[in-house]
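Peer 1: These protein sequence lines are chains C and Y, in that order. Numbered by my numbering, the letters in the first sequence go through residues -15 to 324 in order. Numbered by my numbering, the letters in the second sequence go through residues -8 to 213 in order. All C-beta atoms, glycine included, are put in the ideal place defined by N, C-alpha and C. Below: one structure in structure tokens.
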Amino acid sequence: MARALPYTLAVLGVALTAGLVALLRTQFDLPTAVLLYLVPIIFAAARWGRGPAALAAIVAALAHDYFFIPPIGTLTVAKPDEAVGLVLLVFTALATAELADAARRSAHHERAAQLAQQADEMKTALLHAVTHDLRTPLASIKANVSGLRQSDVAYTAEDRAELLEVIDDEADRLDRLLGNLLDASRLEAGVLVPHKQPQDLAELIRAVLARMATLLGQRSVRFDVQPDMPLVRCDYGQIDQLVTNLIENAARHTPPGSPVEIRLTADDESAHLHVVDRGPGIANEDRARIFRPFERGHTAAPGSGLGLSIARGMAEAHGGRLEVQQAAGDGAHFALTLPL
Amino acid sequence: MVDDEPQIRRSLRVTLRANGYEVDEAATGEAALDLASVSPPILVILDLSLPDLNGVEVTRRLREWTQLPIVILSVRGDDEAKVRALDAGADDYLTKPFSVPELLARMRVALRHSASETAAASGLIASGEVEIDLTRRVVRRAGREVHLTPTEYGLLRYMAQNAERVVTHGQLLRAVLGAGYEDAVGSLRVFITNLRKKLEAEPSAPRLIVTEPGVGYRLKLD
């Protein structure tokens, strides 16, 4: 059915043109009117390709002959110049159709090539982000382990403790990144199904903040929870990852010492979590981009470009929303809404 | 020590101090330039990807007024930037992840930089069974004189004068063939192959002229 449609429409176009020729016959001589058929034929070629255009050309020649060329009502042609006109119509129509069809195909190829190139660029960006993000914590771990193994250097107990702490933190960071990569592929495959249980979000957030203490460094974190905050039905692991990504984002994109504000509230239907920082904020043109995988805002801060896209994916998997809001003053303001 | 990753700075601060160095830190290129001008260090460890100026630009700006040794840190995949940093005057590079002993070794070589120029001034450089006498323009292997073409000798001399340090393809080509030949890496490979045939015990597993993949070569001393 779908394949027959272009042919039907092409013939319909020719029929309409024939009608138009009938109306205008008194104002044009016939050979000029013949040119009108080129309009539906070229349109068919550009739109649907060679087949419908060829059919349109042949139907046009036959219809014109039958209805307009004397003797009218037959498929014979009395005058030789009329015959030449018809042959020229078919020939011109077919040649033009061929050209239009070639143009259509090359546009199609170009689009396909463009898409392939975009996919390639995406893969390169992914590889680059993953390489950088995996190697950076590995670099600290390797440096510290190789340092601790130096037999000719006496590290103090304090030094050892610090080197081991960095190893510990960076192993956690690798784990977070691998978790994000895994979640990204699960979100992509649509298999990230939340296992919802009533959870105390305030407790969850405090646990995340404790775990992220090193990364947050000297940034002061203010955490306000509405009194009588209800439990929220959610997947603990996923919301933990979501909140971790939001806080990691705030820590990465703000200068040391700048404050981070976290507010947890609820109304009758939903829980609301606001994460507000005082960093450079998010440019208007970046507001949609930052939620797409492997894309980052126009900052030079390192990152895989995965955290926010996963956070939003998880919010949506819970039937909720994650949005960036206009912050009062500088800084970024992320608002998470989860149904209770 | 210039890196925007706080954990790397923390790691190197502790390990380098334990190894007897004093460490000042900067997280951005601008901060690094300020710090270097206020209290000039004996050596700079410089990460290539910084949030403001990149490592190449920082190298270029430092080289406007100082010859202090610069060791670049990079992540694999940054080959092009690494080469540009070396061409801009950085002394050496290390690819992350690296071990502390490796870093210390590179730092010592970079710090010996002036000492190796002294060796070049004395004119005699020896590695394994190869001897390069720069004053007499004579190269010997196991005591026997080796005949080198002028180009081969030029390349060997440049690498010997920068012994133990990485020299980029561009630096070698400019030094020997002159400006404008920096892209002739293919010809350079041929010259190096010939040099190895004449000087190395096993030209396919070189120990004197080692390849730094994607960057250049390094002449190893014993």
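Please list the partners that glutamate -4 of chain Y has in chain C, where partner means a Cβ-to-Cβ separation under 7 Å.
Peer 2: In chain order: Thr120.
Peer 1: Thinking C-beta only, is threonine 50 of chain Y closer than 9 Å to arginine 67 of chain Y?
Peer 2: Result no, Cβ atoms of arginine 67 of chain Y and threonine 50 of chain Y do not sit closer than 9 Å.
Peer 1: Please check if any C-beta of chain C sits within less than 9 Å of the C-beta of isoleucine 36 of chain Y.
Peer 2: It does not; no Cβ of chain C falls within 9 Å.
Peer 1: Distance check for histidine 93 of chain C and alanine 25 of chain C, CA to CA, integer angstroms please.
Peer 2: According to the sequence provided, residue 25 of chain C is isoleucine. The question's alanine does not apply to it. Roughly 23 Å separates the two Cα atoms.
Peer 1: Taking any Cβ of chain Y, which residues in the region 127 to 155 of chain C have a Cβ under 7 Å from it, in chain order?
Peer 2: Here the close residues are Ala127, Asn128, Ser130, Gly131, Gln134, Val137, Tyr139, Asp143, Glu146, Leu147, Val150, Asp153, Glu154.
Peer 1: Give me the chain Y residues within the contact set of glycine 116 of chain C, using Cβ-Cβ distance strictly less than 7 Å, ordered along the chain.
Peer 2: Rather than glycine, the amino acid found at residue 116 of chain C in this sequence is histidine. Going along chain Y in sequence order, the residues near histidine 116 of chain C (Cβ under 7 Å) are Val66.
Peer 1: Measuring only between beta-carbons, confirm whether serine 242 of chain C sits less than 9 Å from chain Y.
Peer 2: With 9 Å as the cut-off, serine 242 of chain C does not count as an interface residue toward chain Y.
Peer 1: Compute the Euclidean distance between the alpha carbons of valine 61 of chain C and glycine -3 of chain C, then round it to the nearest angstrom.
Peer 2: Whole-angstrom Cα-Cα distance: 24 Å.
Peer 1: Please say whether glycine 205 of chain Y and leucine 163 of chain Y have beta carbons closer to each other than 9 Å?
Peer 2: No, they are not a contact pair.
Peer 1: Rounded to whole angstroms, what is the Cα-Cα separation between glutamate 105 of chain C and leucine 99 of chain C?
Peer 2: Cα to Cα, the separation comes out at about 10 Å.
Peer 1: Who are the neighbours of serine 124 of chain C on chain Y, taking C-beta pairs under 7 Å?
Peer 2: By Cβ distance, chain Y contributes Gln(-2), Ile(-1), Ser2.
Peer 1: Since alanine 47 of chain C is in the alpha helix (DSSP H), which residue starts that stretch and which ends it?
Peer 2: From DSSP, the alpha helix (DSSP H) with alanine 47 of chain C extends over 34 to 52.
Peer 1: Quick check on DSSP: helix, strand or coil for serine 254 of chain C?
Peer 2: Of the three classes helix, strand and coil, the one that applies to serine 254 of chain C here is strand, per DSSP.
Peer 1: So, is the C-beta of asparagine 153 of chain Y closer than 9 Å to a C-beta in chain C?
Peer 2: No, no contact with chain C.
Peer 1: Please name the residue, chosen from Y/Asn10, Y/Ile33, Y/Arg97, that lies closest to arginine 133 of chain C on a Cα-to-Cα basis.
Peer 2: Considering only alpha carbons, the answer is Y/Asn10.
Peer 1: Grab me the residues of tyrosine 220 of chain C's own chain with a C-beta within less than 8 Å of its C-beta, minus the 5 sequence neighbours each way, in chain order.
Peer 2: If we look at tyrosine 220 of chain C and ignore the five residues flanking it on each side, its Cβ neighbours are Gln181, Gln183, Leu188.
Peer 1: Buried or exposed: where does phenylalanine 12 of chain C fall if 16 or more other Cβ atoms within 10 Å of its Cβ makes it buried?
Peer 2: So phenylalanine 12 of chain C counts as exposed.
Peer 1: Measuring only between beta-carbons, confirm whether glycine 315 of chain C sits less than 9 Å from chain Y.
Peer 2: So, not an interface residue.
Peer 1: From arginine 209 of chain Y to arginine 165 of chain Y, what does the alpha carbon distance come to, in whole angstroms?
Peer 2: Near 16 Å, if we compare the C-alpha coordinates of arginine 165 of chain Y and arginine 209 of chain Y.
Peer 1: Quick one: give me the first and last residue of the alpha helix (DSSP H) that valine 47 of chain Y is part of.
Peer 2: Run containing valine 47 of chain Y: 46 to 54, per the alpha helix (DSSP H) assignment.
Peer 1: What's the gap between the Cα of arginine 262 of chain C and the Cα of glutamine -2 of chain Y?
Peer 2: Taking the straight line from one Cα to the other gives about 23 Å.
Peer 1: What are the residues of the region 5 to 33 of chain Y that lie near chain C, defined by any Cβ-Cβ distance shorter than 7 Å?
Peer 2: Hits within the stretch, in order: Val5, Thr6, Ala9, Asn10.
Peer 1: Which of the three DSSP states is assigned to valine 91 of chain Y in this structure?
Peer 2: Helix.
Peer 1: Isoleucine 246 of chain C by DSSP, collapsed to three states: which one?
Peer 2: Three-state result, isoleucine 246 of chain C: strand.
Peer 1: Quick one: any contact between the region 114 to 130 of chain Y and the region 33 to 45 of chain Y, if contact means 3 or more CB pairs under 8 Å?
Peer 2: Judged by Cβ distances under 8 Å, the region 114 to 130 of chain Y makes no contact with the region 33 to 45 of chain Y, as fewer than three pairs qualify.
Peer 1: Tell me the residue span of the alpha helix (DSSP H) that contains proline 323 of chain C.
Peer 2: It is not in any alpha helix (DSSP H) - proline 323 of chain C instead sits in the beta strand (DSSP E) that spans 317 to 323.
Peer 1: Quick check: the region 162 to 181 of chain C against the region 190 to 200 of chain C, are at least 3 beta-carbon pairs closer than 8 Å?
Peer 2: No contact exists between the region 190 to 200 of chain C and the region 162 to 181 of chain C.
Peer 1: Return no unless some Cβ of chain C is closer than 9 Å to the Cβ of leucine 94 of chain Y.
Peer 2: It does; some Cβ of chain C falls within 9 Å.
Peer 1: Per the DSSP calculation, serine 65 of chain Y is bridged to which residue(s)?
Peer 2: Answer is Y/Thr86.
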